[in-house]
Amino acid sequence: DTGVSQNPRHKITKRGQNVTFRCDPISEHNRLYWYRQTLGQGPEFLTYFQNEAQLEKSRLLSDRFSAERPKGSFSTLEIQRTEQGDSAMYLCASSSHGQSTDTQYFGPGTRLTVL
Amino acid sequence: AQSVAQPEDQVNVAEGNPLTVKCTYSVSGNPYLFWYVQYPNRGLQFLLKYITGDNLVKGSYGFEAEFNKSQTSFHLKKPSALVSDSALYFCAVRDDYSGAGSYQLTFGKGTKLSVIP
Numbered sequence: 236d237t238g239v240s241q242n243p244r245h246k247i248t249k250r251g252q253n254v255t256f257r258c259d260p261i262s263e264h265n266r267l268y269w270y271r272q273t274l275g276q277g278p279e280f281l282t283y284f285q286n287e288a289q290l291e292k293s294r295l296l297s298d299r300f301s302a303e304r305p306k307g308s309f310s311t312l313e314i315q316r317t318e319q320g321d322s323a324m325y326l327c328a329s330s331s332h333g334q335s336t337d338t339q340y341f342g343p344g345t346r347l348t349v350l
Numbered sequence: 027a028q029s030v031a032q033p034e035d036q037v038n039v040a041e042g043n044p045l046t047v048k049c050t051y052s053v054s055g056n057p058y059l060f061w062y063v064q065y066p067n068r069g070l071q072f073l074l075k076y077i078t079g080d081n082l083v084k085g086s087y088g089f090e091a092e093f094n095k096s097q098t099s100f101h102l103k104k105p106s107a108l109v110s111d112s113a114l115y116f117c118a119v120r121d122d123y124s125g126a127g128s129y130q131l132t133f134g135k136g137t138k139l140s141v142i143p
């Protein structure tokens with residue numbers, strides 16, 4: 236399977252704990268995106284990387300959230316001191332920087348439940 | 027700012043009948059428009075996109091979409107619905123302005139399509 240992969244697929248944690256998610260993009264893709272999707276809503280943009288550089292962050296990305304892409308390949312999204320409002324599906328997508336019209340391909344998501 | 031509206035939370039259609047899922051958008055510049063489909067507990071799967079050119083775009087699984095600039099719409103269509111088309115459909119837009127933030131997609135809330143046997 237050469238698609239976008241995300242791990243874990245499901246995460247249950249207690250309020251106040253830290254969690255980290257991983258995304259492995261399609262191998263030749265140099266752009267990587269994180270979105271959050273809550274029940275009944277469409278995905279909302281969080282942040283994106285071009286290679287290892289984080290070029291854009293949404294106002295949704297509070298200071299408890301941090302994302303990295305250290306070698307321009309996989310990325311991690313960490314949430315510190317989780318709150319119940321963080322419960323959502325976290326989606327990763329990747330695209331290839333060829334033209335500005337590149338298509339984002341999504342992974343299966345990590346579903347976070349904060350108790 | 028860019029935005030998307032999907033006016034119908036749910037669309038029901040009989041198997042074999044044509045289906046339409048509606049989408050309207052708002053952008054500052056020219057729109058790049060996308061349709062994605064989501065099956066339960068799964069990520070989003072790309073169906074088709076409009077960038078420029080022909081207003082009728084053909085995509086995966088027999089789906090097509092018609093771009094209408096004057097009505098700022100990008101409705102998804104299929105001539106004959108299948109039960110397996112039942113899923114959640116999302117329209118998304120990106121502005122062609124190449125400044126910061128121009129690569130983020132803005133999604134609608136989604137339309138649940140139910141195809142009845």
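Protein chains in written order, with the numbering used here: chain A, 236 to 350; chain D, 27 to 143.
All C-beta atoms, glycine included, are put in the ideal place defined by N, C-alpha and C.
Have a look at the DSSP bridge pairing and note the partners of residue i.
{"i": "D/Phe89", "result": "According to DSSP, D/Phe89 bridges with nothing at all."}
{"i": "A/Arg271", "result": "A/Glu279 and A/Tyr325"}
{"i": "A/Tyr340", "result": "A/Ser329"}
{"i": "D/His101", "result": "D/Glu92"}
{"i": "A/Ile247", "result": "A/Thr348"}
{"i": "A/Glu303", "result": "A/Thr311"}
Looking at the structure shown, is residue i part of a helix, part of a strand, or coil, going by DSSP?
{"i": "D/Val109", "result": "helix"}
{"i": "A/Gln315", "result": "coil"}
Do you know whose CA, among the options, lies nearest residue i's CA?
{"i": "A/Tyr283", "options": "A/Arg271, A/Arg250, A/Gly275 and A/Gly277", "result": "A/Arg271"}
{"i": "D/Gly55", "options": "D/Val47, D/Ser29, D/Ala40 and D/Lys75", "result": "D/Ser29"}
{"i": "D/Leu59", "options": "D/Lys138, D/Thr137, D/Asp122 and D/Ile142", "result": "D/Asp122"}
{"i": "D/Val47", "options": "D/Glu41, D/Pro57 and D/Gln36", "result": "D/Gln36"}
{"i": "A/Val349", "options": "A/Met324, A/Phe341, A/Thr338 and A/Gln319", "result": "A/Gln319"}
{"i": "D/Val39", "options": "D/Phe93, D/Glu90, D/Trp61 and D/Val109", "result": "D/Val109"}
{"i": "D/Ala91", "options": "D/Glu34, D/Gly79 and D/Leu102", "result": "D/Leu102"}
{"i": "D/Cys49", "options": "D/Asn94, D/Ala107 and D/Ile77", "result": "D/Asn94"}
{"i": "A/Gly277", "options": "D/Lys138, D/Leu139 and D/Phe116", "result": "D/Phe116"}
{"i": "D/Leu73", "options": "D/Val141, D/Trp61, D/Asn67 and D/Tyr129", "result": "D/Trp61"}
Next item on the list: Check each residue of the region 322–346 of chain A: if its Cβ is closer than 7 Å to any Cβ of chain D, include it; give the result in chain order.
Entry: Only those residues of the region 322–346 of chain A whose C-beta falls short of 7 Å from the nearest C-beta of chain D are listed: Leu326, Ser335, Thr336, Thr338, Gln339, Tyr340, Phe341, Gly342, Pro343 and Gly344.
Check: Which full runs of the beta strand (DSSP E) of 3+ residues lie inside the region 39–95 of chain D, going along the chain?
Finding: Within the region 39–95 of chain D, the complete beta strand (DSSP E) runs of at least 3 residues are 45–47, 50–52, 57–64, 70–76, 82–84 and 90–94.
Notebook entry, point to check: Using Cβ-Cβ distances below 8 Å, what residues of the region 273–293 of chain A are close to chain D?
Noted result: Result list: Gly275, Gln276, Gly277, Pro278, Glu279, Phe280, Tyr283, Leu290, Glu291 and Ser293.
Checklist line | Under 9 Å (Cβ pairs) to chain D, residues found in the region 249–274 of chain A | finding: Residues Arg266, Tyr268, Tyr270 and Gln272.
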